[in-house]
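Enquirer: Under this note's numbering, the first residue of the sequence shown carries the number 281, and numbering increases by one thereafter. Have a look at this one before I ask anything.
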Amino acid sequence: MIRLVDTHNHLFVDEFTKSRQALASAVELAVDAGVFQMLICAGDWRSVLRTHTVAALINAGYAAGIHPLSFNPKTYCTEHNLIRDFIDQHLATSTLSAIGEIGLDGTITDKIPMEFQEKVFSDQLKLARDFQLPVSVHVRGAADLVAKHIRRIGIAGGAVHAFNGSLEQAKIFINLGLKLGYGGACTYSGSCRIRKLLSELPKDVLVLETDCPDMPSSIRRAENPEDAHSMPRDLRMYAEVAAELRDVPVEEIAEQITKNAFDAFPKLQTLGAVKKVP
281 MIRLVDTHNH LFVDEFTKSR QALASAVELA VDAGVFQMLI CAGDWRSVLR
331 THTVAALINA GYAAGIHPLS FNPKTYCTEH NLIRDFIDQH LATSTLSAIG
381 EIGLDGTITD KIPMEFQEKV FSDQLKLARD FQLPVSVHVR GAADLVAKHI
431 RRIGIAGGAV HAFNGSLEQA KIFINLGLKL GYGGACTYSG SCRIRKLLSE
481 LPKDVLVLET DCPDMPSSIR RAENPEDAHS MPRDLRMYAE VAAELRDVPV
531 EEIAEQITKN AFDAFPKLQT LGAVKKVP
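In structure tokens form, the structure reads like this:
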């Protein structure tokens, strides 16, 4: 039985928590597919509380932070202070494992100016630095700016979520001590750059993620073109794709990528296995 670590998902959302049975089914199928541990990433203050609850129920790691798409200038200061106080109170007594999902998004600057995004991201990185926590980072359309702030502030490692940048940008993040996350996008034959990097980058810099319910695979898209979602169990599929692209057995890629996940998010290794919903 292989062991896999999902380094980025959103298991707290309504799709999975609308009922105890929905959550139980999603977790059971994931565990049966080889998912050993996971990092459930929040995106604002309310989701931090929900993520904490789900993580405690199944013994999963989780991350607290403010997602670029959740930035609200009117409530930001209050949210930031609430999250800081929450981390201070729960870091030693819960499965809190990282700061995330944080980052920058260059596609939404008409709604949220990059200047404000950079202020928020900088504050979130300082939380990671102050509490010595790794980060799960959103970098859509802003990889160079993200790297600049990480280099300036300094952090304790982590991973770039859904990396789709260039080889040069990959090298920059690797030199900053970050792993590179791959998920559903690698299943599309047209994702040439992503699949090329996944096949050629050093084996010790890669991690896998589902981003569930987002970032669905080509198979999920074919099954439900109008409303495709990814599932926690899809991580096994992504491991198989990575193994095929690198021409190695899936057991070998799973072992390496799990080690990489534990290097990126050390607390996940100390937690042991995810538990099925009681």
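For every residue, glycine included, the Cβ atom is placed at its ideal position computed from N, Cα and C.
Does Ser350 pass the burial test, meaning 16 or more other C-beta atoms within 10 Å, or should it be called exposed?
Expert: By 1-based counting over the sequence shown, the position of residue 350 is 70. Burial call: buried.
Enquirer: Relative to the C-alpha of Ala523, which candidate in Lys483, Cys492, Gln549 and Pro496 has its C-alpha closest?
Expert: By one-based count along the sequence shown, residue 523 stands at place 243. Minimum Cα distance to Ala523 is reached at Lys483.
Enquirer: On the DSSP bridge list, what partners appear for Ser416?
Expert: Here residue 416 refers to the residue found at position 136 when the sequence shown is read from its first residue. Ala439, per the DSSP bridge assignment.
Enquirer: Which whole-angstrom value is the C-beta distance of Asp365 and Met318, which I expect to be below 8 Å?
Expert: Within the sequence shown, the letter at position 85 stands for residue 365. Within the sequence shown, the letter at position 38 stands for residue 318. The pair is not a contact, with the Cβ atoms about 25 Å apart (cut-off 8 Å).
Enquirer: For Ala541, collect the residues of the same chain with a Cβ closer than 7 Å to its Cβ; drop the 5 residues on either side in sequence, then sort them by chain order.
Expert: Locating residue 541 in the sequence shown gives position 261, where the first residue counts as 1. Closer than 7 Å at Cβ, skipping near neighbours: Val285, Thr287, Val487 and Leu548.
Enquirer: Contact check, Gly438 vs Ser416 under 8 Å by CB: the rounded distance?
Expert: As a first step, residue 438 is located in the sequence shown; it is residue number 158 there, counting from the start. As a first step, residue 416 is located in the sequence shown; it is residue number 136 there, counting from the start. Going by Cβ atoms, the distance from Gly438 to Ser416 rounds to 6 Å, so yes, they are a contact pair.
Enquirer: Taking the continuous beta strand (DSSP E) assigned at Asp286, which residues delimit it?
Expert: Residue 286 sits at position 6 when you count from the first residue of the sequence shown. It spans Leu284 to Asn289 - the beta strand (DSSP E) in which Asp286 sits, taken as one unbroken run.
Enquirer: Pick out the complete beta strand (DSSP E) segments inside the segment 378-409, 3 residues or longer, and give them in chain order.
Expert: Counting only runs of 3 or more, we get nothing.
Enquirer: By alpha-carbon positions, which one of Leu303, Ala450, Asp312 and Asp491 ends up nearest to Ala553?
Expert: Counted from its first residue, the sequence shown places residue 553 at position 273. Comparing Cα-Cα distances from Ala553 to each of Leu303, Ala450, Asp312 and Asp491, the minimum goes to Asp312.
Enquirer: Quick one: is Lys459 buried, meaning 16 or more other Cβ sit within 10 Å of its Cβ, or exposed?
Expert: Sequence index remark: in the sequence shown, residue 459 carries index 179 (1-based). Lys459 comes out buried.
Enquirer: By DSSP's criteria, Lys260 is part of a beta bridge. Which residues make up the other side?
Expert: Any question about residue 260 goes unanswered here, given that the chain covers just 281 to 558.
Enquirer: Met318 lies in the beta strand (DSSP E); which residues open and close that run?
Expert: Here residue 318 corresponds to residue number 38 of the sequence shown, with the count starting at 1. Note, Met318: beta strand (DSSP E), Val315 to Cys321.
Enquirer: Can you tell me whether Gln404 is buried or exposed, with buried defined as 16 or more other CB within 10 angstroms of its CB?
Expert: The count along the sequence shown starts at 1 and reaches residue 404 at position 124. With 16 or more Cβ atoms within 10 Å of its Cβ, Gln404 is classed as buried.
Enquirer: Counting C-beta neighbours from all protein chains within 10 Å, is the total for Gly341 16 or more, i.e. buried, or is it exposed?
Expert: Here residue 341 refers to the residue found at position 61 when the sequence shown is read from its first residue. The residue is buried, with at least 16 neighbouring Cβ atoms inside 10 Å.
Enquirer: Here's the rule I'm using: 16 or more other beta-carbon atoms within 10 Å means buried, otherwise exposed. How should Ser299 be labelled?
Expert: Here residue 299 corresponds to residue number 19 of the sequence shown, with the count starting at 1. That one is exposed.
Enquirer: Could you give the residue range of the alpha helix (DSSP H) that holds Ala344?
Expert: Taking the first residue of the sequence shown as position 1, residue 344 is located at position 64. Taken as a continuous stretch (DSSP letters only), Ala344 belongs to no alpha helix (DSSP H), being part of the beta strand (DSSP E) at Gly341 to Ala344.
Enquirer: Just grab the DSSP bridge partners of Leu486 for me.
Expert: Position 206 of the sequence shown holds residue 486. In DSSP, Leu486 forms a bridge with Leu460.
Enquirer: May I ask you to report which of helix, strand or coil DSSP gives Leu376?
Expert: Looking up residue 376 in the sequence shown gives position 96. Reduced to three states, the DSSP call for Leu376 is strand.
Enquirer: Touching or not, the segment 513-531 and the segment 466-482, by the rule of three or more beta carbon pairs under 8 Å?
Expert: Output reads yes: the segment 466-482 touches the segment 513-531.
Enquirer: Considering only residues of the same chain and omitting the five flanking positions on each side of Leu309, which have a CB-CB separation below 6 Å?
Expert: For the purposes of this step, residue 309 is taken as residue 29 along the sequence shown, with counting starting at 1. Contacts found: Arg513.
Enquirer: Please state the DSSP three-state secondary structure of His429.
Expert: Sequence index remark: in the sequence shown, residue 429 carries index 149 (1-based). Three-state DSSP puts His429 in a helix.
Enquirer: Who are the Cβ neighbours of Glu359 in its own chain at under 7 Å, not counting the five residues just before and after it?
Expert: Residue numbering aside, residue 359 sits at position 79 when the sequence shown is read from its first letter. So the list reads Asp324, Trp325 and Ile346, once near-sequence residues are dropped.
Enquirer: Quick check on the DSSP output: the alpha helix (DSSP H) that includes Arg526 runs from which residue to which?
Expert: On the sequence shown, residue 526 is found 246 positions in, with the first residue counted as 1. Start and end: Leu515 to Arg526.
Enquirer: In whole angstroms, what separates the C-alpha of Thr373 from that of Val426?
Expert: Locating residue 373 in the sequence shown gives position 93, where the first residue counts as 1. Locating residue 426 in the sequence shown gives position 146, where the first residue counts as 1. For Thr373 and Val426, the distance between alpha carbons rounds to 30 Å.
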